[in-house]
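See structure below.
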Amino acid sequence: MLKFKLTLLVMASAFFSVDGGKLYKDRYTTKFDKIDLDEALNNQRLFESYLKCLMGDKCSPDGYELREALPDALATACAKCSEAQKAGTEKVIRFLIEKRPKEYALLEKKYDPEGVYRDKYKPIAEEKGIKI
């Protein structure tokens, strides 16, 4: 579940947590809820751009906001996410675990080096059929 939540939160937060560079206090903006996640995940250039950003490299404005929001999203179990963002997070995490495990491992090492979120979210991931 941790892989599910971590990956999903990492990628989805990049798309969903920005509103002119400002995060809402009680929820993330829905400005990016209609982004085409399939394109972002399956387009090598876009995927690598977001991955590099999340790993600490240069970021686009939305990638930067994702990187900034990710720790909060992980810590709060996406409590500020809309339903569309939660669904997007699941999609991204499933994709990363099943199709890009090396990249998932990089993100997990950076954002969950102690395995705290892995332990926290594993039961939820298993309920959704995601093997961590």
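Those letters in the sequence shown? Residues -20 to -1, 1 to 112, per mature numbering (1 follows the signal peptide of the UniProt record, and there is no 0), in order.
Yeah, the Cβ is synthetic: ideal placement off N, Cα and C, and Gly gets one too.
message: Among A59, L26 and I112, whose alpha-carbon lies nearest the alpha-carbon of G43?
response: That would be L26, whose Cα lies nearest to the Cα of G43.
Reduced DSSP category for R98 - H, G, I as helix; E, B as strand; rest coil: R98 falls in the helix class under three-state DSSP.
query: Is A105 helix, strand or coil when you go by DSSP?
result: A105: helix per DSSP, three-state reduction.
query: Relative to the alpha-carbon of K71, which residue among P93, G109, T10 and G36 has its alpha-carbon at the smallest distance?
result: Ranking the options by Cα distance to K71, first place goes to G109.
field: Spatial distance of E63 from L17 (CA atoms)
entry: About 15 Å.
query: Whole-angstrom Cβ separation of L34 and L87, contact assumed at under 8 Å?
result: Yes, L34 and L87 are in contact; Cβ-Cβ is about 6 Å, under 8 Å.
- request: Just tell me which of E28, Y8 and T9 has its CA closest to the CA of R80.
  value: Each of E28, Y8 and T9 was checked against the Cα of R80, and the nearest Cα belongs to E28.
message: Between which residues of its own chain and K2 is the CB-CB distance below 6 Å, once the five residues before and five after are set aside?
response: At K2 the pLDDT is 45, less than 50, meaning the model places this residue with poor confidence and gives no usable figure here.
Rounded straight-line distance, which links the Cα of G36 to that of N22: When rounded, the distance between both Cα atoms is 21 Å.
- prompt: What first and last residue would you give for the alpha helix (DSSP H) that runs through I15?
  reply: Taken as a continuous stretch (DSSP letters only), I15 belongs to no alpha helix (DSSP H), as it is neither H nor E.
task: Could you check what DSSP says for R74 in three-state terms: helix, strand or coil?
output: Three-state DSSP puts R74 in a helix.
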